[in-house]
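Worksheet: the structure to be examined is printed underneath.
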Amino acid sequence: APNRRLSSSRTSLASSRQSLTSYASPTAERGSSPDLAGKRASFVETGFVETLTPQYTPGQSITSPQPAPSVEDKLANLQAQQEITQLKSEVEDLKEKLETIKVRRAEDREKLKEFERVKLQLEQANEFKTKIMESQAQLQRDLQRAKQEVREAQEALEIHNDETAELQEAAEMAALDKEMAEERAEALQMELEQCREKLEEATLDLQLMKAEMEAGGNIQHPYAATDSGATGYEMRQLQQQNIRLRDTLVRLRDLSAHDKHAMQKMQKDIEQYKSEIAELSRTKEKLSGRVEELEAQVADLREQVDAALGAEEMVEQLADKKMALEDQVEQLKQDVSELEALQEVHEQLVESNRELEMDLREELEMAHAATREANREREAALETIMDRDTTILKFRELVQKMTEQYNEIRAQLESKQGSPAPSEQESTPEPARSSPPAELGSLVHASRASTRSIDLQLRALELTQARARADMLAACLPDHFMVQAGDHDAILLILLLQRLNTKADIILGQIRERFPAVNVWDREAVTKTHTAVQYSFRCQLEYQLHMIQCIVCMWVEALDTCAPDVLLR
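Each residue of the sequence shown is one higher than the one before, starting from 360 at the first, in our numbering.
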């Protein structure tokens, strides 16, 4: 369908161009009409009036107000407008489809976001499950270790209780031994006191006896015998008794010291047992606290195990949800692939419609440009014809005036009845003949000057409007278009090359008009005039300009065929 529209539009444009070409050369049609030729031959002498041809300078064109468009132009414009309207309606339909597809894509994106969120939750649940399993294994190990520690603590507690019982029995035995040792020590102390009293009495008697013996020997001891023999025996007996008492006293002292040492050792053992009992009591308290903590940990571990079992159920539920979501994701992927295919088809349709619209616009612009050019040529031809008609009318008026003057002069000559000389008859009409061509030339130059001035003014107006349009279009373009070494600089480079080529053509035309070619090369042309030097300068300048044009054409061809990236560089 787009190719059919494009072919129909091209056919309509070709027909409009053919209809416009029929109006392109009105001068030929008018020149070929027999009535106009007959009228011209009736009162115009052959070769008397020069045919005026519009002269164009490079960069100028005759412009005039555009006439009303023809029927074919109107039909072509209507067809183009209908096609543009139809394309616009198709573009609107495609835009609506694109909006629908965008809405679906937005819904798909929401579903994908929901899927990503659920997927993330599932990953988090899997990580949580892994962590729970690891923590459960760690808790099982901690539980086993805690049970082992509880068993060891219980065994240590039993061993401690046994040791405590043994220590209590040993303490009781030590207490009994202490009481027996104290009783024995008291008895020995009493015996020691008695022995000390007896020793003191014996010592006192011994001292009294020594004093009596030293005093004279006649004073007798109350216990002593009356004869000397009895006294000596008693003395030895007392000495032996004293020795026995001394030995007994030494033994008692040794026994007391031994008992005292044993008592000190027993006191030390009792203190050590008391400290061990206190330390074991503290150890028992610590182990009791540890047992309570382990029991609390065991309770917590049991709760965590129960929670882990609940987490396993949650993980199973999440796994089921994951499978369902994976099915949904597969379905969504299929939908997305279908939508992407539809999007590609839509983009291709939009691109083809855009290209078709651009082609139609280009053809429409070309048609308008051809119409405008044909109208300009038509107007130029009409102006030329009007100038010629005006010149012919003026020439008719001038011929009529000259005829009247001739008749008046002839009447005056006839009235005077004189015959002038032939030289006077020939010299009299010469001023009359010489003045009209000068007047005609001035009129033609004035009309051409006015036409060129109007054309220059219109060209200046078109140039001002084109610059304003370029500035407005540049303001509408994106920022990256005007940056340095961007698209704008590439366009300026292409225009610069085209401008150089056109200016070279203008200079070539001007120098060809100013310095004509030398047909005859003789001594006089070389020595007395400057035509030879001017012609050589013209040839050298033409050579240089042609070289510049060749280089510019090479650059233009290279820029037209190179890639956009190379052009931007």
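Built from N, CA and C at the ideal position, the CB exists for glycine as well.
No experiment lies behind these values; they were computed from the predicted model shown.
(Q) Using 9 Å as the threshold, is the C-beta distance between Q331 and D864 below it? (A) Because the chain spans 360 through 928 in this model, residue 331 falls outside it and cannot be assessed.
(Q) Between which two residues does the alpha helix (DSSP H) holding D848 run? (A) D846 to R873
Q) To the nearest angstrom, how far is it from the Cα of L437 to the Cα of E724? A) 14 Å
Q. Cα separation between A529 and E630?
A. 13 Å
Q. Straight-line CA distance for T412 to T810?
A. For T412, the pLDDT reaches just 41, beneath the cut-off of 50, and the residue's location in the model is therefore unreliable, leaving the point undetermined.
Q: For the stretch 694-710 and the stretch 477-496, state whether three or more C-beta atom pairs, one from each stretch, are separated by less than 8 Å.
A: no
Q. Residue range of the alpha helix (DSSP H) that S841 falls in?
A. The residue asked about is misnamed: residue 841 is Met in this sequence, not Ser. Here M841 belongs to no alpha helix (DSSP H), and DSSP marks it neither H nor E.
Q. So the alpha helix (DSSP H) C898 belongs to, where does it begin and stop?
A. T890 to T920
Q) When the distance is taken between beta carbons, is D467 closer than 9 Å to L691? A) yes
**Q.** Assigned exposure category for L563 - 16 Cβ within 10 Å defines buried
**A.** exposed
Q | Whole-number beta carbon distance between V477 and K680, since they are thought to touch under 8 Å | A | 7 Å
**Q.** Cutoff 6 Å; reference D924; Cβ partners in own chain excluding five residues on either side
**A.** none
Q. What's the C-alpha gap between L614 and A534?
A. 20 Å
Q) If we count Cβ pairs, one from each stretch, closer than 8 Å, do we get three or more for the stretch 891-900 versus the stretch 869-878? A) yes
Q) Closest to A342 by CA distance: which of R769, T749 and L547 is it? A) This structure gives no information on residue 342, because the portion of the chain shown stretches from 360 to 928.
Q | Local conformation of V877 per DSSP, three classes | A | coil
(Q) Quick check: what's the CA-CA separation for T749 versus A740? (A) 14 Å
(Q) Helix, strand or coil, according to DSSP, for P923 in the structure here? (A) helix
Q. Within this structure, are the beta carbons of M673 and A484 separated by less than 9 Å?
A. yes
Q. Roughly how many whole angstroms lie between the Cα atoms of A608 and M568?
A. In the sequence as presented, Ala is not what sits at residue 608; that position holds Leu. Their Cα atoms are separated by approximately 23 Å.
(Q) Let me confirm a value: N734 is counted as buried when at least 16 other C-beta atoms fall within 10 Å, else exposed. Which label applies? (A) buried
(Q) Buried or exposed for T730, going by 16 or more other Cβ atoms inside 10 Å? (A) buried
(Q) Buried or exposed, going by whether 16 or more other CB atoms sit within 10 Å of the CB of A726? (A) buried
Q | Straight-line Cα distance separating K753 from S742 | A | Correcting the residue identity first, residue 742 is Glu in this sequence and not Ser. Near 16 Å, if we compare the C-alpha coordinates of K753 and E742.
Q | Beta-carbon proximity of I866 to L904, cut-off 9 Å | A | yes
Q: Give me the Cβ distance between D628 and A544, rounded to the nearest whole Å; I'm assuming they're in contact under 8 Å.
A: About 17 Å; that fails the 8 Å criterion.
Q.
Using the three-state DSSP reduction, which class does K887 fall into: helix, strand or coil?
A. coil
Q: Work out the CA separation of E644 and E482 for me, nearest whole Å.
A: 48 Å
Q | Beta-carbon spacing of L660, L479 below 9 Å | A | no
Q: Helix, strand or coil for L836, going by three-state DSSP, please let me know.
A: coil
(Q) If I measure Cβ to Cβ from F840 and keep anything under 6 Å in the same chain, skipping five residues before and after, which residues do I get? (A) D846 and H847
Q) Is it buried or exposed for I910, if we count other Cβ within 10 angstroms and need 16 for buried? A) exposed
Q. W914 to L859, Cα distance in whole Å?
A. 11 Å
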